[in-house]
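**Student:** In my numbering, the protein residues as written are 740 to 872.
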Amino acid sequence: MLVKAGYLHLSRQHAEDCHGYSHRIAEVRIREKRYAVRAGELSAILRGYGTARIEHLGQRWVGHLGGEAGSAYSSQSGRGVIIELDSGERYALPAGGIRAVLTGSASYAQISEIASAPPAGWVHSGVQTELPA
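#1: At 4 residues or longer, and completely inside the segment 783 to 861: list those alpha helix (DSSP H) runs for me, N to C.
#2: Taking the alpha-carbon of residue 814 as reference, which of 791, 747, 779 has the nearest alpha-carbon?
#3: Alpha carbon to alpha carbon, how far is residue 777 from residue 855? Give it in angstroms, no decimals.
#4: Of the residues 773, 825, 747, 758, which one's Cα is nearest the Cα of residue 846?
#5: Can you check which of these residues, 852, 784, 751, is closest to residue 816 by C-alpha distance?
#6: Taking residue 698 as the reference, which of 809, 744, 849 has the closest Cα?
#7: Helix, strand or coil for residue 771 per DSSP?
#8: Are residue 775 and residue 767 close, meaning C-beta to C-beta below 8 Å?
#9: Measuring alpha carbon to alpha carbon, tell me which residue in 804, 848, 744 is nearest residue 835.
#10: Could you give the DSSP three-state label for residue 779: helix, strand or coil?
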């Protein structure tokens, strides 16, 4: 089941990396935390190439990319993008929504949390699931 967790929007300002280079970014807001993904890497995912870095977004005088916080990649069907944070949380975005944000026809795309599977051995309604061998 998917639960709304935040949104993605194209930032008006560029953000600088640790080397001082400026990048066009899409800001990712998940549960009141700010992350950034470089717009070029995000569009490459939509074309089917590799993964993108999710980075912490700090605010000095300009946006500042403050280290990797996770990764993003295309879903198996190609109709969505999955965000995996280093904390183990997973989120999904529709590919059509991201395209609309990158082209400017939409202001934001909704991010949904992917519910994790219960751990092995979890008891629900008095029935224990099988433990792995």
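Cβ atoms here follow ideal geometry from the backbone N, Cα and C, with glycine treated the same way.
Since the structure is predicted, the reported quantities are computational estimates derived from the model, not experimental observations.
**Tutor:** This is what the structure holds:
#1: 834 to 842
#2: 791
#3: Residue 777 has its alpha-carbon roughly 27 Å from the corresponding atom of residue 855.
#4: 747
#5: Closest option to residue 816, judged by alpha-carbon separation, among 852, 784, 751: 784.
#6: A query on residue 698 cannot be resolved here, the shown segment of the chain reaching from 740 to 872 and no further.
#7: coil
#8: yes
#9: 848
#10: helix
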